[in-house]
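Let me begin by presenting the structure, written as structure tokens, before commenting on it.
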Amino acid sequence: MTNFKNQYVPSIGLGTYNMSSEEAEFTTFHALKHGYRHIDTATVYRNEDGVAEGLKTFLNDSDLKREDIFITTKLWPGGLVKVDRIKDYTGTVKSFEKSLMRLNLDYIDLYLIHSPHGKNKRIEQWRALVDLKEAGKIKYIGVSNWGINHLSELKENNLPMPDANQIELHPWSQKPELVKFLRDQNIDIIAYSSLVPLSTWRHKDGENSKKTNEMHEIGLSENSPFKELAKKYGVTEAQFLLKWAVQNNYAVLPKSINIERIKQNFEINFLIDQSDMEYITTLDKGDSITWEYGDPLKIK
Ligand SMILES: NC(=O)c1ccc[n+]([C@@H]2O[C@H](COP(=O)([O-])OP(=O)(O)OC[C@H]3O[C@@H](n4cnc5c(N)ncnc54)[C@H](OP(=O)(O)O)[C@@H]3O)[C@@H](O)[C@H]2O)c1
1103 MTNFKNQYVP SIGLGTYNMS SEEAEFTTFH ALKHGYRHID TATVYRNEDG VAEGLKTFLN
1163 DSDLKREDIF ITTKLWPGGL VKVDRIKDYT GTVKSFEKSL MRLNLDYIDL YLIHSPHGKN
1223 KRIEQWRALV DLKEAGKIKY IGVSNWGINH LSELKENNLP MPDANQIELH PWSQKPELVK
1283 FLRDQNIDII AYSSLVPLST WRHKDGENSK KTNEMHEIGL SENSPFKELA KKYGVTEAQF
1343 LLKWAVQNNY AVLPKSINIE RIKQNFEINF LIDQSDMEYI TTLDKGDSIT WEYGDPLKIK
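Okay, here's the thing in structure tokens:
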């Protein structure tokens, strides 16, 4: 274990991918009510307005203030497919302003470039984020799905490194080289899709990813060792997977539209033995598996 600690990001946040605006409103409200202080959304999730409503209702009836809640949203950089126009500096600022409006906020806590698909405009996009931070409209700026090669471009251009990188991380995709790089650079690590090994992960129609289907077909989820490990600690498999991440000092963003699960995912007050942590290190199967169009870390 290193002494690395996330510096900016609360350790458990609510993920909102695959939620409608109505679901995002409902879950944001209930998650905040239950003690969550971080909500993760994105322009492409098309539910920032729902998050805004949930937050507003919560704050209206609470002693807490806007500053007590940490809101993350993301720039869609463009470039995923041919017709998806890549955003330049101005396009990035405009897109940020629209997110701010939909979220009904006057600043964002953490604004991320969602992926490295912006290719030769990545630097322009990053410069826009740096300027928005300087203007006080964003507290922390970061990236998501950026690998060592993408982050190194910032260094080569004498630009500040991100405050955080949000990446797919779970026992089957542990990315030790990237994690070490991020720790060495003091970049906060936010893990997404922590629950991939669950056999029921994104099992509803329209939710799945191509590669997850393949993993389920070869039975990896069903033969998961995490059921037994969870039993040993008297917790659920989901709680065990989330604790593994938090014990590694990654922030997590479990997504659920179910109130009981939202509560459960927040209750991870136990410790995994060092020997079990070491055993899990041996279960790494390599690359990310959640993106349907291929692993964004591999974008040139
Ligand atoms: N930056 C990126 O590129 C990126 C990519 C993916 C995700 N993310 C972020 O990370 C968040 C989390 O990732 P994710 O949505 O892929 O998946 P996740 O949180 O790992 O898993 C969500 C799935 O697990 C189920 N689930 C949640 N809690 C459970 C529990 N306690 N027991 C059993 N099943 C449970 C959910 O179903 P129900 O909803 O039916 O409970 C859903 O099918 C996203 O919502 C998003 O905010 C970011």
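For what it's worth, this note's numbering labels the leading residue of the sequence shown as 1103, then goes sequentially.
Virtual Cβ for every residue (Gly too), placed ideally from N, Cα, C.
Quick check on this structure: which residue in Ser1246, Leu1284 and Val1337 has the alpha carbon closest to the alpha carbon of Ser1295? Locating residue 1295 in the sequence shown gives position 193, counting from the first residue. For Ser1295, the closest of Ser1246, Leu1284 and Val1337 by C-alpha to C-alpha distance is Ser1246.
Just the C-alpha distance for Ser1390 and Gly1396, rounded to the nearest angstrom, thanks. Translated into the one-based positions of the sequence shown, residue 1390 becomes position 288. Translated into the one-based positions of the sequence shown, residue 1396 becomes position 294. Taking the straight line from one Cα to the other gives about 9 Å.
Whole angstroms is fine: what's the gap from Glu1124's alpha carbon to Glu1226's? The sequence position of residue 1124 within the sequence shown is 22, counting from 1. The sequence position of residue 1226 within the sequence shown is 124, counting from 1. So the two alpha carbons sit approximately 34 Å from each other.
Count the CB pairs spanning the region 1180-1200 and the region 1248-1262 that are closer than 8 Å, and state whether there are at least three. Taking 8 Å as the limit for Cβ pairs, the verdict is that the region 1248-1262 does not touch the region 1180-1200.
8 Å contact criterion, which Thr1130 and Ile1141 should meet: CB distance rounded: One-based indexing of the sequence shown puts residue 1130 at position 28. One-based indexing of the sequence shown puts residue 1141 at position 39. About 5 Å separates the beta carbons of Thr1130 and Ile1141, which is inside the 8 Å limit, making them a contact pair.
Quick check on Val1153: does DSSP put it in helix, strand or coil? The residue labelled residue 1153 in the question sits at position 51 within the sequence shown. In the structure shown, Val1153 falls within a helical segment according to DSSP collapsed to helix, strand and coil.
Using CA atoms only, rank isn't needed, just tell me which of Gln1366, Glu1362, Ser1311 and Asp1375 is closest to Lys1334. In the sequence shown, counting from the first residue as 1, residue 1334 sits at position 232. Checking every option, the nearest Cα to that of Lys1334 belongs to Asp1375.
Using CA atoms only, rank isn't needed, just tell me which of Glu1330, Tyr1138, Asn1351 and Leu1134 is closest to Ile1291. In the sequence shown, residue 1291 corresponds to position 189, counting from 1. Among Glu1330, Tyr1138, Asn1351 and Leu1134, the Cα nearest to that of Ile1291 is on Asn1351.
Which same chain residues, not among the five before or five after Ser1164, have their C-beta less than 6 Å away from its C-beta? For the purposes of this step, residue 1164 is taken as the residue at position 62 of the sequence shown. Here the set comprises nothing.
Can you list, in chain order, the residues of its chain whose CB lies under 6 Å from that of Ala1347, leaving out five sequence neighbours each side? Numbered from 1 along the sequence shown, position 245 holds the residue referred to as residue 1347. Once the five neighbours on either side are set aside, the close Cβ partners of Ala1347 are Ala1293, Ser1296 and Val1354.
Distance, Cα to Cα, Val1146 vs Arg1204? Mapped onto the sequence shown, residue 1146 falls at position 44. Mapped onto the sequence shown, residue 1204 falls at position 102. The C-alpha of Val1146 lies about 12 Å from the C-alpha of Arg1204.
Below 8 Å on the Cβ atoms is my contact criterion, and I expect Ala1237 with Tyr1110 to pass it. Report the Cβ-Cβ distance as a whole number of Å. For this step, residue 1237 is matched to residue 135 along the sequence shown. For this step, residue 1110 is matched to residue 8 along the sequence shown. No, Ala1237 and Tyr1110 are not in contact; Cβ-Cβ is about 18 Å, not under 8 Å.
With hydrogens ignored, establish whether the beta-carbon of Ser1358 is closer than 6 Å to any heavy atom of ligand 1. For this step, residue 1358 is matched to residue 256 along the sequence shown. Yes; taking the cut-off as 6 Å, the Cβ of Ser1358 has a heavy atom of ligand 1 nearer than that.
Beta-carbon proximity of Asn1149 to Thr1118, cut-off 7 Å: The residue labelled residue 1149 in the question sits at position 47 within the sequence shown. The residue labelled residue 1118 in the question sits at position 16 within the sequence shown. Contact: yes.
If I'm right that Phe1368 touches Tyr1138 with Cβ under 8 Å, what's the distance once you round it to whole angstroms? Position 266 of the sequence shown holds residue 1368. Position 36 of the sequence shown holds residue 1138. Contact flag correct, Cβ pair sits at about 6 Å.
With H, G and I counted as helix, E and B as strand and the rest as coil, what does DSSP make of Ile1370? Stepping through the sequence shown from its first residue, residue 1370 is reached at position 268. In the structure shown, Ile1370 adopts coil according to DSSP, grouped into three states.
What is the DSSP secondary structure of Gly1244, counted as helix, strand or coil? One-based indexing of the sequence shown puts residue 1244 at position 142. Secondary structure of Gly1244 (DSSP, three-state): strand.
Cβ pair Pro1264, Ile1289 closer than 7 Å: Residue 1264 sits at position 162 when you count from the first residue of the sequence shown. Residue 1289 sits at position 187 when you count from the first residue of the sequence shown. Cβ distance < 7 Å, so Pro1264 and Ile1289 count as in contact.
Can you have a look at Thr1338 and say buried or exposed, based on whether 16 or more other CB atoms are within 10 angstroms of its CB? Locating residue 1338 in the sequence shown gives position 236, where the first residue counts as 1. Buried, since its Cβ has 16 or more Cβ neighbours within 10 Å.
Helix, strand or coil for Tyr1138? Go by DSSP, reduced to three states. Translated into the one-based positions of the sequence shown, residue 1138 becomes position 36. Shown here, Tyr1138 sits in coil according to DSSP, grouped into three states, outside any helix or strand.
Residues near Gln1366 by beta carbon distance below 7 Å, same chain, minus five either side: Here the question's residue 1366 lines up with position 264 in the sequence shown. Within the same chain, Gln1366 has close Cβ partners Thr1338, Ala1340 and Gln1341.
By Cβ distance below 7 Å, which residues in the same chain neighbour Thr1104 in space, the five residues on each side in sequence not counted? Within the sequence shown, residue 1104 is the residue found at index 2, counting from 1. For Thr1104, the predicted structure reports a pLDDT of 48, less than 50, and the residue's modelled location is therefore unreliable. The matter cannot be settled from this model.
Just to confirm, does Ala1274 get its C-beta within under 6 Å of one of the non-hydrogen atoms of ligand 1? Position 172 of the sequence shown holds residue 1274. This sequence places Trp at residue 1274; Ala is not what is there. At a cut-off of 6 Å, the beta-carbon of Trp1274 does not count as near ligand 1: no heavy atom of the ligand is closer than that.
What is the DSSP secondary structure of Ile1382, counted as helix, strand or coil? On the sequence shown, position 280 is the one that residue 1382 refers to. In this structure, Ile1382 counts as helix in the three-state DSSP scheme.
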